[in-house]
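Here is the structure we will look at, set down as structure tokens.
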Amino acid sequence: MADLDVLRGLIEKIYDGATERRRLNAYYDGALRLAALGITLPPEMRNLAVVVNWPRLATRSLEERLDVEGFRLAGETGTSDRLWGWWQANNLDSRAPLGHREALVTGDAYVVVGRRDGDDETPLITVESGEHLHADVDPSTGEARSAARVYAADRNGVPQRATLYLPDVTLFYELRSGGFVEVDAVEHDLGTPTVVPMLYQDRLSDETGRSELLDIIGLTDACCRTLTNLGGAQELLAVPQRYVLGAKQEDFVDKDGKPKTAWEAYIGRLWTLSEEDAKVGQFAAADLRNFTEVINQYSKLVSAMTGLPPHYLGYSTDNPTSADAIRSSESRLVKRAERAATTLEDAWERGMRLALRWIDDTDDVPRLETRWRDPSTPTFAAKADAVTKLVQAGIIPKEAAWDMLGFSPEQQAHYAQLMASDPLAALIKSVGADQAQQLTAPAAIEA
0 MADLDVLRGL
10 IEKIYDGATE
20 RRRLNAYYDG
30 ALRLAALGIT
40 LPPEMRNLAV
50 VVNWPRLATR
60 SLEERLDVEG
70 FRLAGETGTS
80 DRLWGWWQAN
90 NLDSRAPLGH
100 REALVTGDAY
110 VVVGRRDGDD
120 ETPLITVESG
130 EHLHADVDPS
140 TGEARSAARV
150 YAADRNGVPQ
160 RATLYLPDVT
170 LFYELRSGGF
180 VEVDAVEHDL
190 GTPTVVPMLY
200 QDRLSDETGR
210 SELLDIIGLT
220 DACCRTLTNL
230 GGAQELLAVP
240 QRYVLGAKQE
250 DFVDKDGKPK
260 TAWEAYIGRL
270 WTLSEEDAKV
280 GQFAAADLRN
290 FTEVINQYSK
300 LVSAMTGLPP
310 HYLGYSTDNP
320 TSADAIRSSE
330 SRLVKRAERA
340 ATTLEDAWER
350 GMRLALRWID
360 DTDDVPRLET
370 RWRDPSTPTF
380 AAKADAVTKL
390 VQAGIIPKEA
400 AWDMLGFSPE
410 QQAHYAQLMA
420 SDPLAALIKS
430 VGADQAQQLT
440 APAAIEA
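Numbering that gives the first Met the number 0 numbers the first residue of the sequence shown as 0 and each following residue consecutively.
What follows is the structure, encoded as structure tokens:
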């Protein structure tokens, strides 16, 4: 009964956060219409409503700079082939970015570790959304004390299955006669649930994670209002109004004597009037630049809040465009990406250590670190030049240069194989670079 109480409590937590999660997802998807923002529009203007998707832009721009390239175990010089093989076997090249994005949008995602059927050498590692999974997190360690996942919902949205993750066992339930009944159990004796929270935190008090969208939701709403007002102004004020003085009614009838519609009369290319003293003129069209200036101001505020460069948001600055200027404008976004990587890598490192403990059946797990791709955007030539100088100065070895240049583990293994087949490379490796140079240098000719 105690386990069922834990399961019910965790499922209630899933439902408690569902409303806020749907709101954040709607902002990310650009699906939150102006009616939901409290804006009253005449029926004729409803088709002019515009939703600008800055939340998706801000999230994707940050997430696109978060790419895991491998894991390095303590005492090893290169990327762990074993851990990277697990990464590839679980399709985490494509699934991990989705988990990062989920954590940025809603504040939380989860890494779940399990066993594969028929494969005792490769763990099953999945990334799950907080929409169907919740963990009770110990604030002192950041680890899960228990977790529950619901799935297999029917047409009414009622989940038919659930999984309860406890420190030494994982329990599986089915919904029968209005209540969950335990149908299976997997004991692992790891002393911790096989669920690792991936929380995007900005402060110590963000115990359940914090959405990256919260800072720009208000600015997004304000810009949506302005764009909708701009659409209405275009319909009503952008076309200059015309006036006619001294005209007769028959001047506005067609060849059959039927009155022209107001639109036909207005767009007539050539107005001919029977009255000699009649005058035709037009008022100046409304200047809509005030709307665009307000939108640009909102864009600048979003840039200030998110660190997005001006060219990401479609406005220009007084600084001339150059490679150095672009890198300078991206410096804050790069730093935010580095901070995000530091926050999110805890989940991957804990998940991989948990997988090692489970597969190897040992508590003696070495330290490991996550290798991330460089979030900055230098040119490859400039980066290669800097790395070459470090190698020539003896500051870093050649293998470290491959890491800094962003070569994948597969590329590094391929290049190492190619170099091993080179006789000169083999000679340098066996006798040293200085001696190899003496052996291969031509004899000096004495004068």
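Here a beta-carbon is modelled for each residue, glycine too, at the ideal position from N, C-alpha and C. Values in this document were obtained by computation on a predicted structure and should not be read as measured data.
**Request:** Would you tell me roughly how many angstroms separate the C-alpha atoms of A63 and D15, rounded to the nearest one?
**Result:** Checking the sequence shown, residue 63 turns out to be Glu, not Ala. Taking the straight line from one Cα to the other gives about 30 Å.
**Asked** Using 8 Å as the Cβ pair cut-off and three pairs as the minimum, do the stretch 363-378 and the stretch 220-228 touch?
**Response** no
**Request:** Could you tell me if the beta carbon of P138 falls within a distance shorter than 6 Å of some heavy atom in the ligand NAP?
**Result:** With respect to small molecules bound, the structure shown includes none, and the ligand NAP cannot be examined in it.
**Prompt:** To the nearest angstrom, how far is it from the Cα of G106 to the Cα of Q233?
**Reply:** 39 Å
**Request:** Drop a sphere of 10 angstroms on the beta-carbon of A339, count the other beta-carbons inside from all chains shown, and report buried for 16 or more, exposed for fewer.
**Result:** buried
**Prompt:** How close, in whole Å, do the beta carbons of V195 and R349 come, if the pair is a contact with beta carbons under 8 Å?
**Reply:** So it is a contact: roughly 5 Å between Cβ atoms.
**Prompt:** Looking at the structure shown, is D116 part of a helix, part of a strand, or coil, going by DSSP?
**Reply:** In the three-state reduction of the DSSP assignment, D116 falls in the coil class, being assigned neither a helical nor a strand state.
**Request:** For L218, count neighbouring Cβ atoms within 10 angstroms of its own Cβ and tell me buried if that reaches 16, exposed if not.
**Result:** buried
**Prompt:** Between the C-alpha atoms of D183 and R21, what's the straight-line distance to the nearest angstrom?
**Reply:** Each residue's alpha carbon lies about 32 Å from the other.
**Prompt:** Comparing alpha-carbon positions, which option in A25, A336, Q391 lies nearest D373?
**Reply:** A336
**Request:** Could you tell me which of E292, V51, E329, N289 sits nearest to A303, measuring between CA atoms?
**Result:** Of the listed residues, the one whose Cα sits closest to A303 is E329.
**Prompt:** Can you tell me whether T380 is buried or exposed, with buried defined as 16 or more other CB within 10 angstroms of its CB?
**Reply:** Looking at the sequence provided, one finds Ala at residue 380 rather than Thr. Classification for A380: exposed.
**Asked** In chain order, what residues of the same chain have a beta carbon less than 6 Å from the beta carbon of I138, not counting five sequence neighbours either side?
**Response** Here residue 138 turns out to be Pro, not Ile, going by the sequence shown. So the qualifying residues of the chain are E206.
**Message:** For L269, which residues in the same chain have their Cβ closer than 6 Å to its Cβ, ignoring the five residues on either side in sequence?
**Reply:** Confidence is the limiting factor: at L269 the pLDDT is only 49, short of 50, which leaves the residue's position unreliable, though a coordinate-based value still follows. None.
**Message:** Can you list, in chain order, the residues of its chain with a C-beta nearer than 8 Å to that of I215? Leave out the 5 residues immediately preceding and following it.
**Reply:** Excluding sequence neighbours, I215 sits near W53, P54, A57, V301, M304, T305.
**Request:** Decide if A35 is buried, meaning its Cβ has at least 16 other Cβ atoms within 10 Å, or exposed.
**Result:** Any reading at A35 must be qualified, since the residue scores a pLDDT of 49, below 50, and its modelled position is unreliable; the value itself is stated next. Of the residues assessed, A35 falls on the exposed side of the cut-off, its CB having fewer than 16 other CB atoms within 10 angstroms.
**Request:** Answer yes or no: do T125 and W85 have a C-beta to C-beta separation smaller than 7 Å?
**Result:** no
**Message:** Rounded to the nearest angstrom, what separates A30 and V157 at their Cα positions?
**Reply:** 24 Å
**Item:** Cβ shell of D167 (< 6 Å), same chain only, five flanking positions each side left out
**Value:** D188
**Backbone secondary structure at V386 - three-state DSSP** = The answer is helix: DSSP assigns V386 an H, G or I state.
**Message:** Looking at the secondary structure, which residues open and close the beta strand (DSSP E) in which Y172 lies?
**Reply:** 168-175
**Prompt:** Whose CA, out of D28, L236, D276, lies closest to the CA of K247?
**Reply:** D276
**Asked** Whose C-alpha, out of F282, R115, A102, T227, is nearest the C-alpha of R241?
**Response** F282
**Asked** So, are the CB atoms of A102 and L6 less than 7 Å apart?
**Response** At the C-beta level, A102 and L6 stay beyond 7 Å of one another.
**Item:** Span separating the alpha-carbon of S420 from that of A400
**Value:** 20 Å
**Item:** Helix, strand or coil at G178 [DSSP, three-state]
**Value:** G178 sits in a strand when the DSSP states are folded into three classes.
**Asked** Beta carbon of R160, beta carbon of E173: below 7 Å?
**Response** yes
**Request:** Whole angstroms is fine: what's the gap from R71's alpha carbon to Q411's?
**Result:** 14 Å
**Status (buried if at least 16 other CB within 10 Å, exposed otherwise) for D92** = exposed
**Asked** Which residue's Cα is closest to the Cα of E68: E409, Y414, G113?
**Response** Looking at the Cα atoms, E409 is the closest of the given residues.
**Request:** May I have the straight-line CA-CA distance separating P396 from V364, to the nearest angstrom?
**Result:** Cα to Cα, the separation comes out at about 27 Å.
**Prompt:** By Cβ distance, which residues of its chain are closer than 7 Å to D201, with the 5 residues on each side in sequence left out?
**Reply:** R209
**Item:** Residue closest to S298, alpha-carbon to alpha-carbon, out of G141, L226, D286
**Value:** L226
**Item:** Cβ neighbours of E19 in the same chain (closer than 7 Å, five flanking residues each side left out)
**Value:** none
**Span separating the alpha-carbon of N228 from that of V49** = Cα-Cα distance, rounded: 9 Å.
**Item:** Cutoff 6 Å; reference K12; Cβ partners in own chain excluding five residues on either side
**Value:** H133
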